[in-house]
Amino acid sequence: MDVKFDRIAAVLFLLVGVLFMYGSRQIASSAYGSVVGPDIFPLVLGGILILLSLRLFYETFRYQVKSGEKVEMQYKLFVIIFIATLIYVLTLETIGYVITTFVFLLVCFQAMEKGKWIKSFIISAAFSGIVYYVFVDILKGTLPGWPVWF
Numbered sequence: 001m002d003v004k005f006d007r008i009a010a011v012l013f014l015l016v017g018v019l020f021m022y023g024s025r026q027i028a029s030s031a032y033g034s035v036v037g038p039d040i041f042p043l044v045l046g047g048i049l050i051l052l053s054l055r056l057f058y059e060t061f062r063y064q065v066k067s068g069e070k071v072e073m074q075y076k077l078f079v080i081i082f083i084a085t086l087i088y089v090l091t092l093e094t095i096g097y098v099i100t101t102f103v104f105l106l107v108c109f110q111a112m113e114k115g116k117w118i119k120s121f122i123i124s125a126a127f128s129g130i131v132y133y134v135f136v137d138i139l140k141g142t143l144p145g146w147p148v149w150f
């Protein structure tokens, strides 16, 4: 664990969480016939990201590096996931939740565990589909499901 890297990552992901929450406030709070508005999901995700970032930041103060321990930096992984997150936020409404979330998860899973394409594909597809179904059909909320050009 590189304490400095984790602190920087925690702060950056905290900012992304704040941007998620700010962006969710720009979305209409309710839609016709919807019990749950389209702003709730990104608002909750932003809140979760903020809480996890604060937890990571807190953990960096509790962790002690053993003397002589060599810590491998994973800047490439961090940059890939950070850029994927920004692209996800910027394209969610245009491309839609299902496709954007599927691609985002697939990219992140492959960045973390290269080569497990089938597992990554199945988990990404299942998560995107199930969350969309639960939020839209069961909770009667609205999400940008498919690209606007469909």
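Here UniProt numbering is used: position 49 in the sequence shown is 49, and no number is missing along the way. From the three backbone atoms N, C-alpha and C, an ideal C-beta is built for every residue, glycine too.
### Task
Answer yes or no: do Arg-7 and Thr-60 have a C-beta to C-beta separation smaller than 8 Å?
Counting from 1 along the sequence shown, the entry for residue 7 is found at position 7. Counting from 1 along the sequence shown, the entry for residue 60 is found at position 60. The answer is yes: Cβ separation under 8 Å.
### Message
Going by DSSP in three states, Gln-26 sits in which element: helix, strand or coil?
### Response
By 1-based counting over the sequence shown, the position of residue 26 is 26. It is coil, neither helix nor strand.
### Message
Taking the straight line between their C-alpha atoms, what separation do you get for Val-44 and Ile-81?
### Response
Numbered from its first residue, the sequence shown carries residue 44 at position 44. Numbered from its first residue, the sequence shown carries residue 81 at position 81. One C-alpha to the other measures close to 20 Å.
### Message
Pairs of beta-carbons, one from the stretch 109–123 and one from the stretch 138–145, closer than 8 Å: are there three or more?
### Response
no
### Message
Looking at the secondary structure, which residues open and close the alpha helix (DSSP H) in which Phe-78 lies?
### Response
Numbered from its first residue, the sequence shown carries residue 78 at position 78. Where Phe-78 is concerned, the enclosing alpha helix (DSSP H) stretches over 75–95.
### Message
Using CA atoms only, rank isn't needed, just tell me which of Gly-47, Ala-9, Phe-109 is closest to Phe-78.
### Response
Translated into positions along the sequence shown, residue 78 becomes position 78. Closest option to Phe-78, Cα to Cα, is Ala-9.
### Cα-Cα separation between Tyr-88 and Phe-5, rounded to whole angstroms
To locate residue 88, count along the sequence shown from 1; it is residue 88. To locate residue 5, count along the sequence shown from 1; it is residue 5. About 23 Å.
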